[in-house]
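I have placed the structure first, in the form of structure tokens, so that the comments after it can refer back to it.
2 protein chains.
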Amino acid sequence: MSFDFDLFIIISIAVSLMSFVVAWRLYAWVKKQPSDNKRIAEVGAMIKDGANTFMKKEYALLAKFAGGLGVLVLVFLPTPIWQGNAGENFLMLLSFASGTVFSAVAGILGIRASTIANIKTAEAAKKGIRPAFMTGFRGGSVMGIAVVGATLLGVSLIMLITHDPTMLLGFSFGASTLALFAKAGGGIYTKTADLSADLVGKVELNIPEDDPRNPAVIADNVGDNVGDVAGMGADLFDSCVASIAAALVLGFSLDSSAGGGSSFSAITLCFAAGGLIASIIGVFVARMGEKGSPTSALNKSTYVTTGLFAVYSIIMTLVCGFDWRIWGASMLGLFVGMLIGIASDYYTNDERKPVRSAAAAAQSGPALTIISGISYGLMSVLAPLIGIGVSALISFKLCEPLVPDEPLLGGMYGIAMAAVGMLSIVCMIISNDAYGPIVDNAKDLAEMGGLGEEVIDIADKLDSAGNTVKAITKGFAIGAAGLTVIALLGAFKSEVNEAIKVINEAAGHTVHELITGFNVMDPMVFFGLLVGAAVPAVFSAMLMLGVDRNAQGMIAEIRRQFEQIPGLREGKEGVSPDYNRCIEISTVGALKELIPAGVVSIVITLVVGFVGGVEAIGGFLTGNIVSGLLLALFMSNAGGLWDNAKKYIEAGNLGGKGSDAHKAGVIGDTVGDPFKDTAGPSINTQVTVVSLISSLASVLFLTMSIF
Amino acid sequence: MSFDFDLFIIISIAVSLMSFVVAWRLYAWVKKQPSDNKRIAEVGAMIKDGANTFMKKEYALLAKFAGGLGVLVLVFLPTPIWQGNAGENFLMLLSFASGTVFSAVAGILGIRASTIANIKTAEAAKKGIRPAFMTGFRGGSVMGIAVVGATLLGVSLIMLITHDPTMLLGFSFGASTLALFAKAGGGIYTKTADLSADLVGKVELNIPEDDPRNPAVIADNVGDNVGDVAGMGADLFDSCVASIAAALVLGFSLDSSAGGGSSFSAITLCFAAGGLIASIIGVFVARMGEKGSPTSALNKSTYVTTGLFAVYSIIMTLVCGFDWRIWGASMLGLFVGMLIGIASDYYTNDERKPVRSAAAAAQSGPALTIISGISYGLMSVLAPLIGIGVSALISFKLCEPLVPDEPLLGGMYGIAMAAVGMLSIVCMIISNDAYGPIVDNAKDLAEMGGLGEEVIDIADKLDSAGNTVKAITKGFAIGAAGLTVIALLGAFKSEVNEAIKVINEAAGHTVHELITGFNVMDPMVFFGLLVGAAVPAVFSAMLMLGVDRNAQGMIAEIRRQFEQIPGLREGKEGVSPDYNRCIEISTVGALKELIPAGVVSIVITLVVGFVGGVEAIGGFLTGNIVSGLLLALFMSNAGGLWDNAKKYIEAGNLGGKGSDAHKAGVIGDTVGDPFKDTAGPSINTQVTVVSLISSLASVLFLTMSIF
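Protein sequence lines correspond, in order, to chains A and B. In terms of our numbering, the first sequence has 459 at position 456, counting the first letter as 1, and numbering is strictly consecutive. In terms of our numbering, the second sequence has 168 at position 165, counting the first letter as 1, and numbering is strictly consecutive.
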């Protein structure tokens, strides 16, 4: 059966436009939910203003930065403008720019929805847990649908206009550059506020978490939105785009090797669109039963989505006559994604040994909690790394025979399709993830609005469901990113060989041999490997030091306010802290710290490439992937573990709130905050950006390197 | 010029025997130094007894374990006994057994010297810092000389008897197996005692470090000996042997490719013997000037050794007509070792920004100190990884042309010789390292013996010099291990190809193709890479959890004693704690925890090899090396940084002793303890063991793997 690839592009565009309509209707639905509490409206407005101010400043900064990068793209990519085709460079610039714009738009839509949904959820909690859940979840799903819709629309438009998958790498590069900085900026913002508020409030003054007396409490809520909603959305947008881009780059090569046809590229869009539709249905299915728990409601909708996608993909494979091996690889990805999620859950669930042990260690003081958290975090990398390794291996072997002449290409394509499969339900995952900060905000708003114990209790239940599913979705995101970057390594090799062919043709003789891969016994590859492995470590360290520095300033400010504002500590009527000062500190600090870490990673990549050429970069990417996955998994899981160990103690175990164990637990949680919400999840993006740059600059590295 | 390899063997044996005489004389010198304080003798005896008891129990356990492993060696290595030559397997068993015995003997000699030198140093401090320094340093050098002498003797004997470098891998395997468990056991022992003593004593009760009232203080001193002396000695014995083994395996192949001659193997022994002689001279040069500091005395002797070795190696290269490229690679290794040491020093020196920042962060509580320590620890990996990568690259390129037909072999040999060069001064490094725990013990003994402020002050100065040089020597050790394991990866490939040749010859046709390396685009290699990267994480986590568990028991015991023994806390005359109970807890706990982590690493290696064959193992070793180096550097440097940040505060900065910043600093230091003294330095050994097993089992993996 032959495929009209353009038909799939048109259908994808249609699906993505339809999804925007759905997102808009969900947004409208959330907006028209009733709200009347004046205090909540007031605080809600402060959160919204804070978030908007930060986002405006952040995007203004990033626009300048992306503008500068855009000039470099125009001049150098894919080939230096004086050597190659200027039109191609212009298209590349356009792709790059669209990537940044689409990412920004998805982030803005998400923030809009979440800063309304938090108020509405708090108010809905007055009527019970079911309507509150519905409001929170639908608010989150606006972000989920917008992100995946934007992915599909962007990718389809680029393909429609250029029909050149290399341009997709440019689009993806734009998206991940923005994600890199947005995630870093948001992550630094949110954790500066969160950990400072906790350290002074909970540890020093013994006042409850998110108490309105705490000057940093609004900044903390703003952080939830700019970090966990906008930052995370940008991150997953980037993963989604990158996985589809990798699959299409490899799929196009396969299609041309197979002699025309476009089934390998078409199936990518077909599955991506199907995943979006399945997720939208999943969103509408999400409902809490009479006695149901929010956790199981969230899980149920994920299972429904997964089941629907499985069925859809079988049907499409049969109807369109796609090769069943591709379907197999996608299903494998989806399955392994679940397994990784379950493994992450083991290390962060308070009913399992790791969290319980870390909590028990807190009785002997903070040092032992921290040692056990770090230890379990390190152990937690084993299962996911095996999972990623096995799924890459099997999907490679499965798809090796797709085009008999090109086993390596087929295999790499199989890995890319496993990533596409894993990310097919990403819309659902983002929805679940964005639900978290919304209900977290709602809880705080309910407290500030004085809605009473019962309502706060409901909000609290919703919040802890958010934390539980978060571990699983994070595992999923890291797993998918892992497969994606492995596929991007394949795409890099494929881009290098394309470039070599062009160079050899132009010269009329063999200037470079085609490369067959990267041999670790080549010392240049090994050199790259070691340097590449160091980059995620340096990158995450710089982000955490950013949080550390800003938090020291913020802690001093919070202490100052408690000392100097009379009646604040006692909670005297009418006395309120200067929230804006803390918002200001977070904003200014995050803007200052968000650029350097990303720039360092990019610069090191370029230096390695220009010094050691494509062999060094092959090793560099490999080292970067391996150490990036290791550190990302370690940090996310250790952070989640400490968070839940603290919650376990707060639930009244081992002495409960106010005990020494509790104080130790809070310290553990505070160390974990930048682990799990600043550094850990940003590493994915760092690895993706570096992979994309390498692919895009492959011609430069090939022709202009020193060795 | 042709070389009689046997001549070099004989000379090496002579040099090693001579070095034992020197070590013996130094030991005798230390022993005959005067001592008369009864209390010091009493406490010194307790430390000695505790250390001996532990060592006996540990070696008894390890003897059983090694016995079991020996049976497996006999049956399976290098080829299954029913397939191959039983005599060869028996020789392999013998080599393996000698490796374990030599390692144990070196450890026992070291402990003997250090548990006398501590007493003598304390007593010598009464006469001033110069004699005290001399006693401490010479005590440490007994260990240094014994370890390197044992290396040279063992290697030479094996070569003399078998002339088969594969047997050296067996010897090395025996040494590193013992090192793996001895280092783990000693590390768990020492940090259980150390951190428990600090957490209860310094943080909870505000009594000084190493106060005689603290029930864990003797266990802590015992730990210094069994962990930092015996464990560290076993570790460096293992690195030394492994580097020489790798160089000889590759050198033999080169020699045979070059068509007879033995210059490539001979130079290895020649340089190793020269390094030992240079170090012995360096030991005798070590003297403190009238106004000198112990740090500069230690550094001076290191510089003298380095200079002597440089001169020696030039002369020998000229005299024997060795290729200058090999000399170049060795010098490069030595130089880069220094650079890595200096880089480590930057992150752990209290006059530099990282330590100062971490100390400043302590003012905002323990969480921020820990975050900054972790961050700087992560950043600290960049320079050493680049250093290792660059030195591997240059030494490879330098030695590629050694034998024109075998560029890859020559290159890998170059890397091995860089490691040999880096480790040429290892005797000096061990001496400096063993000096640390001796003077640390001496300080405690001076306190317990009531030798007065002035004497304690002298001991304290000696102690802090030990800490300063420790950072540098650790960097050195990790760098050398890094190059060694890269060379072992080369040795693995070379062993695999040897095996393939044998198999093909036996079958009379090509059963397996020779391998050219490990391509990361091969999904089997990538699978191995990911799993291999997880192993050091899991291994170090298991060790730290061992410390964590034991410490919880010990903390409960210390708290119990302070509560139940009347007058203990107040320091009433005649009341002393039950030291033995704490020694018991450390001993039993360490013996229980030392086996599993190593076994897990070994089992995972075997599973990967039997599942994925040599390709998977190639990836596995690569991932293991990369993540092992990353984690080892991170942990060692973060630990050193926290230690010195705490000391910086204790020196009266930022509020000084007893301030909140100090408490936070102590918590940081406590987290760092198992980082830098249990997990971090053990990772080297784990990587080495796994590399050796892979080489030894290459035939099995080749013929019996599932895929």
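Backbone N, C-alpha and C define an ideal beta-carbon position, used for all residues, glycine too.
By how many angstroms is the C-alpha of Phe274 (chain B) removed from the C-alpha of Ile191 (chain B)?
35 Å
Can you grab the Cα-Cα spacing for the pair Ile709 (chain A) / Leu183 (chain A), in whole Å?
29 Å
Pick out whichever of B:Ala281, B:Ala269, B:Gly131, B:Asp463 has its Cα sitting closest to the Cα of Met162 (chain B).
B:Ala269
Please check if any C-beta of chain B sits within less than 8 Å of the C-beta of Leu371 (chain A).
yes
Would you check if the segment 584-602 of chain B and the segment 53-69 of chain B touch, i.e. whether three or more CB-CB distances between them fall below 8 Å?
yes
My understanding is that Ala711 (chain B) touches Ala468 (chain B), with C-beta atoms under 8 Å, so please give their C-beta distance in whole angstroms.
Nothing can be reported for residue 711 (chain B), as the shown portion of chain B is limited to 4 through 710.
Helix or strand or just coil, what does DSSP make of Asn640 (chain B)?
helix
Inside the segment 449-521 of chain A only - alpha helix (DSSP H) runs reaching at least 4 residues
456-510
Does Lys400 (chain A) come within less than 8 Å of chain B when only Cβ atoms are used?
yes
With 8 Å set as the bound, which would you pick, yes or no: does the beta-carbon of Met4 (chain B) sit closer than that to a beta-carbon of chain A?
Unreliable positioning characterises Met4 (chain B) in this predicted model, as indicated by a pLDDT of 43, which lies under 50. A coordinate reading is not provided.
Beta-carbon proximity list for Arg355 (chain A), same chain, < 6 Å, skipping 5 on both sides
Tyr349
I want to see whether chain B comes within less than 8 Å of Thr519 (chain A), judged by CB atoms only; does it?
yes
Same chain, Cβ closer than 6 Å to Ala365 (chain A), five either side skipped, listed in chain order
Thr372, Ala664, Ala667, Gly668
Have a look at Ser604 (chain B) and Ser697 (chain B) and give me their C-alpha separation to the nearest angstrom.
12 Å
Ordered along the chain, which non-local residues of its own chain (more than five positions away) have a Cβ less than 8 Å from that of Asp258 (chain B)?
Gly264, Ser265, Ser266, Phe267, Ser268
Cut-off 7 Å between Cβ atoms - residues of its own chain near Val18 (chain B), not counting five sequence neighbours on either side:
Leu155, Ala276, Leu279, Ile280
Collapsed DSSP secondary structure at Arg28 (chain B) in the structure displayed
helix
Under a Cβ-count criterion, where at least 16 other Cβ atoms within 10 Å of its own Cβ denotes burial, should Ala484 (chain A) be classed as buried or exposed?
buried
In terms of residues, what are the limits of the alpha helix (DSSP H) holding Ile374 (chain A)?
369-382
So Gly616 (chain B) and Leu491 (chain B) are supposed to be a Cβ contact under 8 Å. How far apart are they, rounded?
Not quite, the Cβ-Cβ distance comes to about 18 Å (not below 8 Å), so this is no contact.
To the nearest angstrom, report how far apart Ser639 (chain A) and Ile489 (chain A) are at their CA atoms.
20 Å
Below 7 Å on C-beta distance, what does Gln555 (chain B) contact in chain A?
Ala364, Ser367, Leu371
Val674 (chain B), DSSP secondary structure in three states
helix
With distances taken from CA atoms, which of B:Asn88, B:Gly147, B:Ala120 is nearest Val108 (chain B)?
B:Gly147
Could you please give the first and the last residue of the uninterrupted alpha helix (DSSP H) stretch that includes Val76 (chain B)?
41-79
Chain A beta carbons: is any one of them nearer than 8 Å to that of Leu533 (chain B)?
yes
Pull up the distance between the alpha-carbon of Met4 (chain B) and that of Gly324 (chain B), whole angstroms please.
Confidence is the limiting factor: at Met4 (chain B) the pLDDT is only 43, short of 50, which leaves the residue's position unreliable and the question unanswerable from this model.
Cut-off 6 Å between Cβ atoms - residues of its own chain near Ser246 (chain A), not counting five sequence neighbours on either side:
Ala422, Val423, Leu426, Thr487
Own chain partners of Leu571 (chain A) with C-beta closer than 7 Å, once the 5 adjacent residues on each side are dropped:
Arg216, Gln564, Phe565, Val578, Pro580
Simplified DSSP state of Gln564 (chain B), which is helix, strand or coil:
helix
Is Ile561 (chain A) close to chain B? Criterion is C-beta to C-beta, closer than 8 Å.
no
Hey, Phe521 (chain A) and Glu409 (chain A): beta-carbon distance below 8 Å or not?
no
Cβ-based burial, Lys294 (chain A) [other Cβ within 10 Å; buried from 16]:
exposed
Rounded C-beta distance between Gly139 (chain B) and Ala120 (chain B)? I'm assuming under 8 Å.
6 Å
Relative to the C-alpha of Ser434 (chain A), which candidate in A:Gly643, A:Ser101, A:Ile284 has its C-alpha closest?
A:Ile284
Can you check whether the CB of Asn647 (chain A) is closer than 8 Å to the CB of Asn444 (chain A)?
no
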